[in-house]
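These notes concern the structure reproduced below.
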Amino acid sequence: MSEFFYFLCAIVAIAGAIGVVALRNPFYAVLSLVCHLFALAGLFLLLRAEFVAFAQVVVYAGAVMVLYVFVVGYIGGDDESVRPWDGPAQKGVALVFAGMLFVELCLAILGSGLKALDGEGAPYQAGFGSPGQIGELFLTTFLFAFEAASILLLIAAVGAVVLARRRGAGRVEADRMTFTEFMRPIGTGTTAEAVGTRDGGINLPAPTTDVVSERGREQLEAGRGERQ
Amino acid sequence: MSIEWYLVVSAMIFCIGAGGVLTRRSPLVTLLCLELMLNAGNLALIAFSRMWGNAEGQVFAIIVMVVAACEVCVGLGVIVAMYRRRLPIDVDDMRELHG
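The following block contains the structure:
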């Protein structure tokens, strides 16, 4: 039975990996990677790594892939254009490289002196790979790695926001109207209304969500000109 | 199944990912192929963890997952920034990451 599941998961995983590399549309490549990750989680389960399989499905196939799907939707999942120079030569070199790497890795696996490689692995003990055991290891032996990972995640989140923010084009804050200003009848206003700097909040321009400044507009037009 | 079989699958996925990084030009798909390679590493780590009956390899695999999530986060941020600046989303056309 475990042989059947092994071959099922392995074939789906390898097919998913080939799909990621071969499909031209990035959106389909992401979906193919999701299939690959699910199959890989099955392989992890066969290796008795329950918690890692769970994290793989929730974190990888769930969260990270949703991020990918959003970015593909944002930048437009156009097919890759075909260039004159990336013909069979480049693909051939890459294939030869990948094939040689595979042969080399297989030789390394076969030639290694590890006797246990032929076996099914160490005898299974209850609780191996369970969340309890992983958590205990994280909070005792690998406490430093755990803390470093949390700081790394924080830095990556801040870095992504800094990298992807709008720059150059300054965002003009739209004039906000408070609730009291909105409810107040015209003519019963403040000093500012009397001297004409504020019209009682009635004829304010409609708040716009995204006002591009002059510089930003110039950049946009320059970019458009370059494209044409 | 013996541990060797899992290692062979891991090697195959790694090679497919490496070939993809070499051939594809969209940075988005290049990141996907990097994910493939990291996952192949994860599979090997977990196979060895099973071999020794020692869960420390699984802790390693989880740390690799964290690093992959960070890499995706920053990489996708760079891609969105490139798109905002109307730069071509193509690793052959990109010569520098300055400004």
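Going down the list, the sequences are from chains A and B. Using this note's numbering, the first residue of the first sequence is number 978, and each one after it goes up by one. Using this note's numbering, the first residue of the second sequence is number 2, and each one after it goes up by one. Idealized CB from N, CA, C, for every residue including glycine. Because the structure is a prediction, the values reported are computed rather than measured.
By a C-beta neighbour count over all protein chains shown, 10 Å radius and 16 as the cutoff for buried, is residue i buried or exposed?
i, result
"arginine 1143 of chain A", "exposed"
"phenylalanine 1121 of chain A", "exposed"
"threonine 1118 of chain A", "exposed"
"serine 1089 of chain A", "exposed"
"glutamate 97 of chain B", "exposed"
"serine 1127 of chain A", "exposed"
"phenylalanine 1047 of chain A", "exposed"
"proline 1065 of chain A", "exposed"
"glycine 1098 of chain A", "buried"
"isoleucine 17 of chain B", "buried"
"isoleucine 988 of chain A", "exposed"
"methionine 1160 of chain A", "exposed"
"tyrosine 1045 of chain A", "buried"
"leucine 1084 of chain A", "exposed"
"tyrosine 1101 of chain A", "exposed"
"isoleucine 80 of chain B", "buried"
"phenylalanine 1079 of chain A", "buried"
"leucine 1087 of chain A", "exposed"
"methionine 1077 of chain A", "exposed"
Thinking just about the alpha-carbon of each residue, which of the options is nearest to the one in residue i?
i, options, result
"glycine 78 of chain B", "A:Ala1103, A:Val1138, A:Ile1086, A:Met1160", "A:Val1138"
"valine 92 of chain B", "B:Val67, B:Arg26, B:Val9", "B:Arg26"
"isoleucine 1255 of chain A", "A:Arg1001, A:Val997, A:Glu1027", "Shown here, chain A extends from 978 to 1205; a query on residue 1255 of chain A therefore has no answer."
"alanine 62 of chain B", "B:Gly54, B:Ser50, B:Glu72, B:Val73", "B:Ser50"
"valine 68 of chain B", "A:Ala1134, A:Val998, A:Phe1156", "A:Ala1134"
"glycine 1106 of chain A", "B:Cys71, B:Ala56, B:Val65", "B:Ala56"
"alanine 990 of chain A", "B:Glu72, B:Leu23, B:Glu36, B:Met52", "B:Glu36"
"arginine 86 of chain B", "A:Ala1099, A:Leu1116, A:Phe1156, A:Leu1140", "A:Leu1140"
"phenylalanine 1115 of chain A", "B:Cys34, B:Tyr84, B:Ile64", "B:Ile64"
"tyrosine 1051 of chain A", "A:Pro1003, A:Ile1132, A:Met1160", "A:Pro1003"
"leucine 1130 of chain A", "B:Gly58, B:Met66, B:Val60", "B:Met66"
"alanine 19 of chain B", "A:Val1041, A:Gly1104, A:Val1073", "A:Val1073"
Can you tell me which of the three DSSP states residue i falls into?
i, result
"glycine 1098 of chain A", "coil"
"phenylalanine 1105 of chain A", "coil"
"alanine 56 of chain B", "coil"
"phenylalanine 43 of chain B", "One point to set straight first is that residue 43 of chain B is asparagine, not phenylalanine, in the sequence displayed. Residue state, collapsed to three classes: helix."
"proline 89 of chain B", "coil"
"arginine 1025 of chain A", "coil"
"threonine 31 of chain B", "helix"
"serine 3 of chain B", "coil"
"threonine 24 of chain B", "helix"
"serine 50 of chain B", "helix"
"leucine 1082 of chain A", "helix"
"phenylalanine 1119 of chain A", "coil"
"glutamate 1124 of chain A", "helix"
"glycine 1039 of chain A", "helix"
"leucine 1087 of chain A", "helix"
"glutamate 924 of chain A", "With chain A represented from 978 up to 1205, any question about residue 924 of chain A goes unanswered, as that position is not in the structure."
"leucine 1000 of chain A", "coil"
"glutamate 980 of chain A", "helix"
"methionine 95 of chain B", "coil"
Going along the chain, which residues of its own chain have a beta-carbon closer than 7 Å to the beta-carbon of residue i, five neighbours each way excluded?
i, result
"alanine 994 of chain A", "His1013"
"isoleucine 4 of chain B", "Ala48, Arg51, Met52"
"glutamine 1108 of chain A", "Checking the displayed sequence, the identity of residue 1108 of chain A turns out to be proline instead of glutamine. If we look at proline 1108 of chain A and ignore the five residues flanking it on each side, its Cβ neighbours are Phe1028."
"arginine 1025 of chain A", "Tyr1101, Phe1105, Gly1106"
"leucine 8 of chain B", "Ala45, Ala48"
Report all residues from its chain with a CB closer than 6 Å to the CB of residue i; omit the five preceding and five following residues, and keep chain order.
i, result
"alanine 1018 of chain A", "Ala1030, Gln1033, Val1034"
"phenylalanine 15 of chain B", "Met38, Ala41"
"glycine 54 of chain B", "none"
So residue i and residue j are supposed to be a Cβ contact under 8 Å. How far apart are they, rounded?
i, j, result
"leucine 44 of chain B", "leucine 1020 of chain A", "6 Å"
"valine 1036 of chain A", "leucine 29 of chain B", "Contact doesn't hold; Cβ gap of about 19 Å is too wide."
"valine 998 of chain A", "cysteine 71 of chain B", "Valine 998 of chain A to cysteine 71 of chain B, Cβ: 23 Å. No contact."
Go through its chain and collect everything with a Cβ distance to residue i's Cβ below 8 Å, but skip five positions before and after it.
i, result
"leucine 1023 of chain A", "Ser979, Phe982, Tyr983, Cys986"
"leucine 1000 of chain A", "Ala1006, Ser1009"
"threonine 31 of chain B", "Gly21, Val22, Arg25, Val92"
"alanine 1125 of chain A", "none"
What do you reckon, is the C-beta of residue i under 8 Å from a heavy atom of the ligand FMN?
i, result
"glycine 1039 of chain A", "With respect to small molecules bound, the structure shown includes none, and the ligand FMN cannot be examined in it."
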